[in-house]
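Report on the following structure.
Number of protein chains: 2
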Amino acid sequence: MPDNTLHTPASVQPKGRPHVVILGGGFGGLTAAKSLRGEKVDVTLIDQRNHHLFQPLLYQVATAALNPSDIAVPIRRILRKQRNASVLLAEAVGVDTQGKQVLLAEGTIPYDFLILATGATHSYFGHPEWAKAAPGLKTIDDALEIRKRILLAFESAEWETDPSRQKAWLTFIIVGGGPTGVELAGAIAEIARHVMTRDFRRINPEKARVLLMEAGSRILPGFSPDLSQRAAEALSRLGVEVFTGHPVTALDDGGATIGDERVEARTILWAAGVEGSPLARSLGVQLDSGGRVPIQTDLSVTGAPGLFVIGDLASLKQDGKPLPALAPVAVQEGRHAAKNIVRAIQGLPGLPFRYRSQGMLATIGRAAAVAEVAGLKFYGFVAWLFWLLVHIVWLIGFRNRFLVVAEWAWTYLRYERGARLITCTVQRPSGKRS
Amino acid sequence: MPDNTLHTPASVQPKGRPHVVILGGGFGGLTAAKSLRGEKVDVTLIDQRNHHLFQPLLYQVATAALNPSDIAVPIRRILRKQRNASVLLAEAVGVDTQGKQVLLAEGTIPYDFLILATGATHSYFGHPEWAKAAPGLKTIDDALEIRKRILLAFESAEWETDPSRQKAWLTFIIVGGGPTGVELAGAIAEIARHVMTRDFRRINPEKARVLLMEAGSRILPGFSPDLSQRAAEALSRLGVEVFTGHPVTALDDGGATIGDERVEARTILWAAGVEGSPLARSLGVQLDSGGRVPIQTDLSVTGAPGLFVIGDLASLKQDGKPLPALAPVAVQEGRHAAKNIVRAIQGLPGLPFRYRSQGMLATIGRAAAVAEVAGLKFYGFVAWLFWLLVHIVWLIGFRNRFLVVAEWAWTYLRYERGARLITCTVQRPSGKRS
Numbered sequence: 000m001p002d003n004t005l006h007t008p009a010s011v012q013p014k015g016r017p018h019v020v021i022l023g024g025g026f027g028g029l030t031a032a033k034s035l036r037g038e039k040v041d042v043t044l045i046d047q048r049n050h051h052l053f054q055p056l057l058y059q060v061a062t063a064a065l066n067p068s069d070i071a072v073p074i075r076r077i078l079r080k081q082r083n084a085s086v087l088l089a090e091a092v093g094v095d096t097q098g099k100q101v102l103l104a105e106g107t108i109p110y111d112f113l114i115l116a117t118g119a120t121h122s123y124f125g126h127p128e129w130a131k132a133a134p135g136l137k138t139i140d141d142a143l144e145i146r147k148r149i150l151l152a153f154e155s156a157e158w159e160t161d162p163s164r165q166k167a168w169l170t171f172i173i174v175g176g177g178p179t180g181v182e183l184a185g186a187i188a189e190i191a192r193h194v195m196t197r198d199f200r201r202i203n204p205e206k207a208r209v210l211l212m213e214a215g216s217r218i219l220p221g222f223s224p225d226l227s228q229r230a231a232e233a234l235s236r237l238g239v240e241v242f243t244g245h246p247v248t249a250l251d252d253g254g255a256t257i258g259d260e261r262v263e264a265r266t267i268l269w270a271a272g273v274e275g276s277p278l279a280r281s282l283g284v285q286l287d288s289g290g291r292v293p294i295q296t297d298l299s300v301t302g303a304p305g306l307f308v309i310g311d312l313a314s315l316k317q318d319g320k321p322l323p324a325l326a327p328v329a330v331q332e333g334r335h336a337a338k339n340i341v342r343a344i345q346g347l348p349g350l351p352f353r354y355r356s357q358g359m360l361a362t363i364g365r366a367a368a369v370a371e372v373a374g375l376k377f378y379g380f381v382a383w384l385f386w387l388l389v390h391i392v393w394l395i396g397f398r399n400r401f402l403v404v405a406e407w408a409w410t411y412l413r414y415e416r417g418a419r420l421i422t423c424t425v426q427r428p429s430g431k432r433s
Numbered sequence: 000m001p002d003n004t005l006h007t008p009a010s011v012q013p014k015g016r017p018h019v020v021i022l023g024g025g026f027g028g029l030t031a032a033k034s035l036r037g038e039k040v041d042v043t044l045i046d047q048r049n050h051h052l053f054q055p056l057l058y059q060v061a062t063a064a065l066n067p068s069d070i071a072v073p074i075r076r077i078l079r080k081q082r083n084a085s086v087l088l089a090e091a092v093g094v095d096t097q098g099k100q101v102l103l104a105e106g107t108i109p110y111d112f113l114i115l116a117t118g119a120t121h122s123y124f125g126h127p128e129w130a131k132a133a134p135g136l137k138t139i140d141d142a143l144e145i146r147k148r149i150l151l152a153f154e155s156a157e158w159e160t161d162p163s164r165q166k167a168w169l170t171f172i173i174v175g176g177g178p179t180g181v182e183l184a185g186a187i188a189e190i191a192r193h194v195m196t197r198d199f200r201r202i203n204p205e206k207a208r209v210l211l212m213e214a215g216s217r218i219l220p221g222f223s224p225d226l227s228q229r230a231a232e233a234l235s236r237l238g239v240e241v242f243t244g245h246p247v248t249a250l251d252d253g254g255a256t257i258g259d260e261r262v263e264a265r266t267i268l269w270a271a272g273v274e275g276s277p278l279a280r281s282l283g284v285q286l287d288s289g290g291r292v293p294i295q296t297d298l299s300v301t302g303a304p305g306l307f308v309i310g311d312l313a314s315l316k317q318d319g320k321p322l323p324a325l326a327p328v329a330v331q332e333g334r335h336a337a338k339n340i341v342r343a344i345q346g347l348p349g350l351p352f353r354y355r356s357q358g359m360l361a362t363i364g365r366a367a368a369v370a371e372v373a374g375l376k377f378y379g380f381v382a383w384l385f386w387l388l389v390h391i392v393w394l395i396g397f398r399n400r401f402l403v404v405a406e407w408a409w410t411y412l413r414y415e416r417g418a419r420l421i422t423c424t425v426q427r428p429s430g431k432r433s
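Taken in sequence, the protein lines are chains A and B. With numbering that gives the first Met the number 0, letter number 283 in the first sequence gets 282, and the count goes up by one each step, no holes. With numbering that gives the first Met the number 0, letter number 354 in the second sequence gets 353, and the count goes up by one each step, no holes.
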């Protein structure tokens with residue numbers, strides 16, 4: 000049998016140094032790679048995309064406020080100066096935990112230590128067929144697709160002569176009342192009320208309906224009930240119709256059935272469920288109900304030597320509560336996994352991980368947000384300023400910080416959206432006119 | 000037979016005003032629409048894309064220096080305040096010049112006057128099958144596709160273990176020595192020499208070959224011979240191999256045959272021929288060899304009442320020489336067509352068009368360009384500064400001027416490229432590794 004072991008940049012370097020493979024260039028994987036800088040290991044970071052994505056601002060690309068390159072940076076550039084790290088653009092198809100090698104379409108890559116940080120993907124609650132009608136928001140491509148659908152909906156409404164079909168084009172359903180759903184709903188309502196108003200001749204974009212559907216009893220369940228209430232009020236002021244306790248029972252590209260009521264809508268966005276990336280299934284370990292990998296407190300996986308799992312893909316309880324799927328969790332876990340790998344090489348036992356919460360934030364359109372930090376609660380403009388500050392600071396290292404702020408200033412002052420482009424298509428969606 | 004006349008925003012306005020339909024939102028069509036502002040006509044501008052594109056800078060999107068939204072603006076926004084103008088996102092499939100109506104997939108739009116400004120498309124000299132292997136640069140989507148191919152070529156080379164295949168990934172062929180070909184070749188050489196250098200571990204991007212293939216006797220044939228010479232020298236200094244008198248005889252995604260020599264290259268870009276947009280064939284008039292519509296000096300078309308053709312799609316000689324396919328020509332023709340339509344409504348004869356040349360410019364990578372203005376010739380840094388000035392001034396009206404300048408400053412000072420993103424795909428191109 001032919002040896003199809005790949006000669007990775009790391010593996011062609013002088014041998015004898017442990018080879019640390021990191022799958023995924025998100026907050027967790029990238030932090031782990033950076034934390035191994037200067038250590039006596041060879042690091043190979045593998046991602047199926049060439050860029051690290053600042054996911055917290057992805058919804059702003061989907062709603063035409065920011066450009067993709069404002070929130071995405073080539074992983075190569077970030078690790079450029081880290082000589083012991085190399086980057087491969089490739090898609091991993093599985094992990095052989097006993098043979099200690101990563102399986103790619105093109106071959107295999109052996110590892111001494113593997114940090115699995117491939118994150119989560121959308122979950123349609125057993126309805127994969129909903130994916131086409133209701134795209135989710137995880138990647139730049141998702142964001143561009145959603146942006147395209149939102150902009151084309153208004154264009155198609157301007158075209159449409161049949162009133163009921165026109166109404167369907169001007170109805171937007173967002174499924175899921177978490178931070179992403181709230182941010183999308185607020186942004187779309189803003190576009191309809193403030194950005195598009197003067198651009199059309201036959202339709203009045205302000206008539207657009209934006210429905211936020213949450214199956215649970217309140218939106219932003221991760222926050223305290225009173226902040227959920229504040230967020231719902233802020234959304235209503237923006238013109239968003241918030242429905243809680245409304246599970247979606249059916250979905251197609253013509254509309255959705257909520258409970259037993261059918262709503263005609265040509266634009267449906269999915270912000271409901273997520274599940275661990277499919278790669279986890281190849282590990283041969285028992286996954287939790289969300290498809291995540293249960294890990295030890297030292298972030299390792301029982302029975303899989305040298306394997307660490309971090310970020311949204313990891314399932315770890317702290318004080319009896321599962322850790323939330325937040326960037327700060329992934330960052331802290333990435334740093335900790337790197338530390339425990341260095342200790343393992345030195346023959347020391349791994350240290351238990353403890354998450355130090357940095358609070359939670361969600362923004363609701365223009366100049367409104369909710370925040371919970373160190374037990375304190377903010378909402379409204381103060382919380383929004385705080386959100387702005389946190390994200391500008393967070394963008395440090397992103398060359399684009401200055402440009403993002405410039406874009407934001409423009410958007411805020413002029414009620415303008417800079418990136419209102421329909422690309423990757425010249426066709427309007429289906430829906431023959433009368 | 001059912002009436003499938005579309006109720007355009009204009010046609011539902013109070014009747015009795017002549018309906019001017021403009022096909023194409025480029026420099027020509029947009030200028031024509033703006034020139035009709037305040038006139039007693041209803042204007043409907045139809046484009047199959049939602050944005051006006053600042054084409055002279057499109058190559059900078061293709062080479063990851065600028066974002067799409069830096070050089071593209073929604074047509075709606077530009078015409079927002081012009082009450083007698085409305086915009087439709089639709090693809091025209093033909094023109095019924097006798098029935099005076101535009102044919103769309105969804106129906107027909109009647110006109111009293113039609114300004115045809117759909118421009119030109121790539122011509123592969125009777126080899127349409129080359130299009131897939133060698134994309135051209137006309138739209139944002141083209142630019143993103145080319146950007147993707149350039150970036151993926153370096154990624155794939157880093158992957159590739161077979162030296163000859165690696166060489167093919169690092170070989171870039173640009174077919175066509177006009178301004179676009181020269182600008183692309185210069186920019187790609189720059190990326191390889193200055194931007195990518197420190198990002199890879201196994202390949203040396205500086206080893207990349209960039210070949211500029213011109214079938215004619217010199218590059219930039221529109222310029223004077225000495226400036227063509229200067230441009231060729233500047234390209235050589237950047238590391239571009241310039242071949243003149245080398246027609247491409249065969250082409251596939253593995254390489255190209257120039258004359259009778261085969262060059263293995265995984266990235267081939269087409270900047271050679273253009274021809275009038277296919278729509279011209281529906282007019283039932285004799286087109287010129289380039290598929291362009293021969294027009295009268297008043298920009299109208301013999302035998303087609305109310306029809307005007309402008310920009311790259313129009314074929315008009317001045318002083319015995321055909322007018323060049325340049326933005327200033329399209330802009331001046333757009334203004335003139337609008338004026339002659341107003342005169343026609345007043346029962347006055349159309350005035351003959353005369354192009355006032357504003358000179359020619361082509362840039363060759365970093366801080367080098369050639370320019371011919373009012374008989375004067377510039378080259379090198381002076382010409383480049385002039386190029387910069389002209390384009391910054393030209394971008395007036397584009398909200399993004401400030402951001403573009405910021406991006407340029409960054410690119411220039413840091414040898415950095417802001418938009419190095421591979422989107423609209425997660426797959427690397429074909430080419431199994433050994």
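Backbone N, C-alpha and C define an ideal beta-carbon position, used for all residues, glycine too. Given the structure is predicted, the values throughout are model-derived calculations rather than measurements.
Is GLU154 of chain B close to chain A? Criterion is C-beta to C-beta, closer than 8 Å. Taking the first residue of the second sequence as position 1, residue 154 of chain B is located at position 155. GLU154 of chain B counts as touching chain A.
Bridge-paired residues (DSSP) for ARG261 of chain A: The residue you call residue 261 of chain A lines up with position 262 of the first sequence. Looking at the DSSP assignment, ARG261 of chain A forms a beta bridge with A:THR256.
Contacts of PRO73 of chain A in chain B (Cβ-Cβ under 7 Å): What you label residue 73 of chain A is simply residue 74 of the first sequence in a count that begins at 1. Result: ARG419.
So, under 8 Å CB-CB, GLY176 of chain B and THR120 of chain B are touching, yes? Tell me the CB distance rounded to an integer number of Å. Translated into the one-based positions of the second sequence, residue 176 of chain B becomes position 177. Translated into the one-based positions of the second sequence, residue 120 of chain B becomes position 121. Contact doesn't hold; Cβ gap of about 20 Å is too wide.
Taking CB distances under 8 Å as the criterion, tell me whether ASP198 of chain A reaches chain B. Along the first sequence, read from residue 1 onward, the residue named residue 198 of chain A stands at position 199. It does; some Cβ of chain B falls within 8 Å.
According to DSSP, what are the bridge partners of MET212 of chain B? Along the second sequence, one-based indexing puts residue 212 of chain B at 213. The bridge partners DSSP lists for MET212 of chain B are B:VAL174, B:PHE242.
Of the residues B:LYS137, B:VAL328, B:SER122, the one placed nearest THR30 of chain B, counting alpha carbons only: Here residue 30 of chain B refers to the residue found at position 31 of the second sequence. Checked all of B:LYS137, B:VAL328, B:SER122; the closest Cα to THR30 of chain B is B:VAL328.
Using a 10 Å radius around the Cβ and a threshold of 16 neighbouring Cβ atoms, would you call THR179 of chain A buried or exposed? The residue you call residue 179 of chain A lines up with position 180 of the first sequence. Buried.
Which residues mark the beginning and the end of the alpha helix (DSSP H) in which ILE267 of chain B is found? By 1-based counting over the second sequence, the position of residue 267 of chain B is 268. Unbroken run through ILE267 of chain B is the beta strand (DSSP E), 266 to 269; no alpha helix (DSSP H).
Checking the sheet assignment: what are the DSSP bridge partners for PRO304 of chain A? Working through the first sequence from its first residue, we reach residue 304 of chain A at position 305. BP columns for PRO304 of chain A are empty, so no partner.
State the Cα-Cα distance for the pair ASP198 of chain A and LYS137 of chain A, rounded to the nearest angstrom. On the first sequence, position 199 is the one that residue 198 of chain A refers to. On the first sequence, position 138 is the one that residue 137 of chain A refers to. For ASP198 of chain A and LYS137 of chain A, the distance between alpha carbons rounds to 30 Å.
SER122 of chain A: first and last residue of the uninterrupted beta strand (DSSP E) it sits in: In the first sequence, the residue the question calls residue 122 of chain A occupies position 123. Going by DSSP, SER122 of chain A is part of the beta strand (DSSP E) stretching over 119 to 122.
Please check the pair LEU78 of chain B and ALA91 of chain B, which I expect to be a contact at CB under 8 Å, by giving their CB distance rounded to whole angstroms. Residue numbering aside, residue 78 of chain B sits at position 79 when the second sequence is read from its first letter. Residue numbering aside, residue 91 of chain B sits at position 92 when the second sequence is read from its first letter. Between ALA91 of chain B and LEU78 of chain B the Cβ distance is about 18 Å, and since that is not below 8 Å, they are no contact.
Where does ALA130 of chain B land, buried or exposed, given buried means 16+ other C-beta within 10 angstroms? As a working note, residue 130 of chain B is residue 131 in the second sequence. Result: exposed.
For the alpha helix (DSSP H) containing ILE139 of chain B, name the first residue and the last one. Taking the second sequence and counting its residues from 1, the one referred to as residue 139 of chain B is at position 140. Looking at the DSSP string, the run of the alpha helix (DSSP H) that includes ILE139 of chain B is 139 to 158.
Could you give the distance in angstroms between the alpha-carbon of GLY93 of chain B and the alpha-carbon of GLN47 of chain B? Counted from its first residue, the second sequence places residue 93 of chain B at position 94. Counted from its first residue, the second sequence places residue 47 of chain B at position 48. Whole-angstrom Cα-Cα distance: 13 Å.
Mind checking whether PRO55 of chain A and HIS390 of chain A have CB atoms under 8 Å apart? The sequence position of residue 55 of chain A within the first sequence is 56, counting from 1. The sequence position of residue 390 of chain A within the first sequence is 391, counting from 1. In this structure, HIS390 of chain A lies closer than 8 Å to PRO55 of chain A by Cβ.
Flag this pair as touching only if the stretch 229 to 247 of chain A and the stretch 357 to 368 of chain A have three or more C-beta atom pairs under 8 Å; answer yes or no. The stretch 229 to 247 of chain A is in contact with the stretch 357 to 368 of chain A.
Per DSSP, TYR378 of chain B forms a beta bridge with which residues? One-based indexing of the second sequence puts residue 378 of chain B at position 379. In the DSSP output, where bridge partners are listed per residue, TYR378 of chain B has B:VAL369.
For ARG353 of chain A and chain B, any beta-carbon pair shorter than 8 Å? For this step, residue 353 of chain A is matched to residue 354 along the first sequence. Output row for ARG353 of chain A: interface = no.
So who's on the other strand from ASP189 of chain B, going by DSSP bridges? Reading the second sequence from its first residue, position 190 is the one you call residue 189 of chain B. Note on residue identity: the sequence assigns Glu, not Asp, to residue 189 of chain B. Beta-bridge partners assigned by DSSP to GLU189 of chain B: none are found.
SER299 of chain B classed as buried or exposed, judged by whether at least 16 other C-beta atoms fall within 10 angstroms: As a working mapping, residue 299 of chain B is identified with position 300 in the second sequence. Burial call: buried.
Using a beta-carbon distance below 8 Å, is LEU150 of chain B in contact with chain A? Locating residue 150 of chain B in the second sequence gives position 151, counting from the first residue. Look at LEU150 of chain B: its C-beta is under 8 Å from a C-beta on chain A.
I believe PRO321 of chain A touches GLY221 of chain A by the beta-carbon criterion, under 8 Å. Please report the beta-carbon distance rounded to the nearest angstrom. Here residue 321 of chain A is taken as the residue at index 322 of the first sequence, counted from 1. Here residue 221 of chain A is taken as the residue at index 222 of the first sequence, counted from 1. About 11 Å; that fails the 8 Å criterion.
Nonlocal neighbours in the same chain, by C-beta distance under 7 Å from ALA336 of chain B, ignoring five residues either side: Numbered from its first residue, the second sequence carries residue 336 of chain B at position 337. ALA31, ILE114, LEU298, PHE307, ILE309, listed in sequence order.
Relative to the C-alpha of LEU52 of chain A, which residue among A:GLY374, A:ASN203, A:GLY118 is closest? As a working note, residue 52 of chain A is residue 53 in the first sequence. When only C-alpha atoms are compared, the closest one is A:GLY118.
Go through its chain and collect everything with a Cβ distance to ARG342 of chain A's Cβ below 8 Å, but skip five positions before and after it. Numbered from its first residue, the first sequence carries residue 342 of chain A at position 343. So the list reads PRO348, GLY349, LEU350, once near-sequence residues are dropped.
Do three or more CB pairs link the stretch 236 to 255 of chain B to the stretch 277 to 295 of chain B at distances below 8 Å? Remark: fewer than three beta-carbon pairs, one from each stretch, lie closer than 8 Å, so the stretch 236 to 255 of chain B and the stretch 277 to 295 of chain B are not flagged as touching.
Starting from GLN100 of chain A, trace the beta strand (DSSP E) in both directions and tell me its first and last residue. In the first sequence, residue 100 of chain A corresponds to position 101, counting from 1. If you look at GLN100 of chain A, you'll find it in the beta strand (DSSP E) that goes 100 to 103.
Which stretch, first to last residue, makes up the alpha helix (DSSP H) that contains SER34 of chain A? As a position in the first sequence, residue 34 of chain A is number 35, starting the count at 1. Here the alpha helix (DSSP H) through SER34 of chain A covers 26 to 34.
Label THR301 of chain A either buried or exposed according to how many other C-beta atoms from any shown protein chain fall within 10 Å of its C-beta, with 16 as the threshold for buried. Taking the first residue of the first sequence as 1, we reach residue 301 of chain A at position 302. With fewer than 16 other Cβ atoms within 10 Å, it is exposed.
Rounded to a whole number of angstroms, what is the C-alpha to C-alpha distance between ARG280 of chain A and LEU286 of chain A? For the purposes of this step, residue 280 of chain A is identified with residue 281 of the first sequence, where counting begins at 1. For the purposes of this step, residue 286 of chain A is identified with residue 287 of the first sequence, where counting begins at 1. Going from the Cα of ARG280 of chain A to the Cα of LEU286 of chain A covers about 8 Å.
Pull up the DSSP beta-bridge partners for MET359 of chain A, would you. Walking along the first sequence from the start, residue 359 of chain A turns up at place 360. Bridge partners of MET359 of chain A: A:GLU371.
Which residues in the same chain have their Cβ closer than 8 Å to the Cβ of ARG75 of chain A, if we skip the five residues on either side of it in sequence? Start at 1 with the first residue of the first sequence, and residue 75 of chain A comes out as number 76. Scanning its chain for C-beta atoms nearer than 8 Å, with the 5 sequence neighbours on each side dropped, one finds around ARG75 of chain A the residues ASN49, VAL86, in chain order.
For the stretch 38 to 67 of chain B, list every residue whose C-beta sits within 8 Å of some C-beta in chain A, in sequence order. So the list reads GLN47, ARG48, ASN49, HIS50, ASN66, PRO67, given in the order they occur along the chain.
Among all the DSSP beta bridges, which residues are the ones paired with VAL273 of chain A? If you number the first sequence from 1, residue 273 of chain A lands on position 274. A:HIS121.
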